[in-house]
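Numbering (this note's numbering), first residue to last: 194 to 339.
Just so it is clear, CB atoms sit at the ideal spot from N, CA and C, and this is done for glycine as well.
This one's a predicted model, so the numbers in the text were calculated from it and none came from an experiment.
Heads up: the structure comes next, in structure tokens.
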């Protein structure tokens, strides 16, 4: 059993969960350690991603009730989160309260950081960022460690 599955199994045993699976184990991109630390201290309670990339990569969209394992930059599990809201908006219409729940500063700081991030990664897929691009906005609670 790898360290991710062992982490999940420990959580399930502690919480009395049976026949429950996690949807994915992932890093928060380029700043995995910093963003994982924000999840751990309760500052980060939301995340957004490019909707078109889900289609291109054939990934399943997050769903309410999904468990996910947050990894650090060394692919070590550091937290388990559970999605309680998943909505799709054009980037320009992302609610301010959502952006603030991402925990990376003011709305304007969030907007600039995400425009820069999408501007860097989308060309790899022969795409250009526009503020009309759809983004998947997930709100979550950290369920482990408590």
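- In the DSSP assignment, residue 331 is bridged to 240, 279.
- In the DSSP assignment, residue 219 is bridged to 263.
- Residue 260 holds the alpha-carbon nearest to the alpha-carbon of residue 336 among 260, 269, 319, 253.
- Just so you know, the alpha carbons of residue 210 and residue 247 end up roughly 29 Å apart.
- Residue 225 holds the alpha-carbon nearest to the alpha-carbon of residue 240 among 225, 250, 251.
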